[in-house]
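FYI, the numbering for the sequence shown is 4 to 289, going by the working numbering.
Built from N, CA and C at the ideal position, the CB exists for glycine as well.
Here the structure is a predicted model, which is why all the values come from computation and not from measurement.
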Amino acid sequence: MKLILYIAFAASALAQAPGTLPSLWITGGPNCIEVPNWQIHQYNEDFYILRESGCTNYEKPFLYLLFGKDRALLEDTGAGKSDAAQVVSELIAKWLAVKGRTSIPLVVAHSHSHGDHIAGDAGFRGMPNVTMVPLTIDGTREFFGIDGWPDGIGHIDLGRRILDVIPIPGHDALSVAFYDRETGVLLTGDSLYPGRLYVRDFPEFARSIARLAAFTRGKIVTHILGTHIEQSSTPYKDYPVGAKYQPEEHSLALSRGHLLELQEALDGMKEKPVRLALRDLTIWPR
Ligand SMILES: [Zn+2]
Ligand SMILES: [Zn+2]
C-alpha cells in the first residue's frame, strides 16, 4: 500500500513540466558597461524569466512570460526607464520562430500596481495583439473571473495551460499571486520574495498569506518566485536599500516552507506588528 502511494505521488510530481533556474543572476555592475539591460532566462521552452539590470534601476525586478497554446501572459513590465515592450516583443518573435508560428496574443498582467512593476506599461499600450489587464481591483476581478475579492480565486486559460489567480492584498491593495498548474510555480510578486516584505496593511496581509498557504495545501509547489532579491546568501543579511550590485545574492526561488514560516511569524505578531528578520526574508510593517 505504501509503495503504491509512493508511485502515485511520484507520477503526479513528474506531471509538472520541469525547468531550470540559474545558479546566479546578473545584478548590476560592478562595471555597468558590461552589464546587459535585461537578463533573459529560459526556465523551460514555454516559461521565461526576465530580470531588469540594477544598472538601469536598483529595484532589479523580475518579469515572467508564460506561453500557452493560444495566448501568452506577461507578469509585470519593469521599473524606471523600462523598455520591456521592445524586449518582450523580440522574445516572443524568437519563440514564434522556434515554434513555426506567426503570432500569439499577449496578456499583460501585474503582480501589483507599484511603480517598479508597471513602468513599462506605456510601451505595450496600443500594440497589436496585446490586452492589458486593468490596474484596478474591479478590472482585475472581472478579467480573471475572481468571484469575490479577496476571498475568491480566478483563472486564466492560456490554452492547455491554466493559471490560478489568488488575490493577496496587504503589500498593495491590488496584489495577486499566480499559480501555474503546468510547472507548479507560484508567482508571489512583492508579497513573498527573499528580501524586505513591506507590509502596508498588516491584518489584510496576514489574512492573504494564510489564504495563500491554504491554497497551496496538497498542491505541488516547485518554486515560489517573487519579483525582487534583496537578501544575500548569508542568513539574515540583506543588501542596503538602493544597492545596484549584489554579489552572492540569495537564490530567487523560495519554497512552500518559506510561505508557512511567514504565516507563522505573522500569526505571532497579530497584536503588535514589528519588523522581524527571518533567515531568508524580513517582515517590514509600514
Ligand atoms: Zn511593491
Ligand atoms: Zn517591487
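With 6 angstroms as the limit, the residues whose C-beta approaches any heavy atom of ligand 1 more closely are His115, His117, His174, Asp175, Asp193, in sequence along the chain.
With the rule of 3 Cβ pairs closer than 8 angstroms, the segment 203 to 210 counts as touching the segment 158 to 177.
In the three-state DSSP reduction, Asp160 falls in the strand class (E or B). In this structure, DSSP gives Trp98 a helical state, which the three-state scheme calls helix. Remark: C-beta atoms of Ile223 and Gly198 do not approach each other more closely than 8 angstroms. Counting along the chain, the unbroken alpha helix (DSSP H) around Glu145 starts and ends at 140 to 147.
Between Leu94 and Tyr51 a beta carbon distance of about 6 angstroms is seen, short of the 8 angstroms cut, so the two are scored as contacting. Around the beta carbon of Val101, fewer than 16 other beta carbons sit within 10 angstroms, so the residue counts as exposed.
Per DSSP, reduced to three states, the secondary structure at Leu166 is strand. Collapsing the DSSP output to three states places Asp270 in a helix.
DSSP places Ala213 within a helical segment (H, G or I) once states are collapsed to three. Ligand 2 has a heavy atom closer than 7 angstroms to the beta-carbon of Thr230. One thing to note: Arg128 has its Cβ within 8 angstroms of the Cβ of Met135. For the pair His253 and His158, the Cα-to-Cα distance works out to about 31 angstroms.
Within the same chain, Cβ atoms closer than 7 angstroms to the Cβ of Ile140 are found at Trp152, Ala176, Leu177, the five residues on either side in sequence being excluded. Around the beta-carbon of Lys72, fewer than 16 other beta-carbon atoms lie within 10 Å, marking it exposed. When DSSP assignments are scanned along the segment 176 to 241, the uninterrupted stretches of beta strand (DSSP E) that are 3 or more residues long and fall wholly within it turn out to be 179 to 183, 188 to 192, 199 to 202, 226 to 229.
Inclusion of Glu62 in the 7 angstroms shell around ligand 2 follows from its C-beta lying nearer than that to a non-hydrogen atom of the ligand.
Each residue's CA atom was taken as its position, placing Arg259 and Thr219 some 8 angstroms apart. In the DSSP assignment, Ala125 falls within the unbroken alpha helix (DSSP H) covering 124 to 127.
The beta carbons of Asp86 and Gly126 sit about 7 angstroms from each other, so the pair counts as a contact at 8 angstroms. In this structure, DSSP gives Arg54 an extended state, which the three-state scheme calls strand. Shown here, Ile107 sits in coil according to DSSP, grouped into three states, outside any helix or strand.
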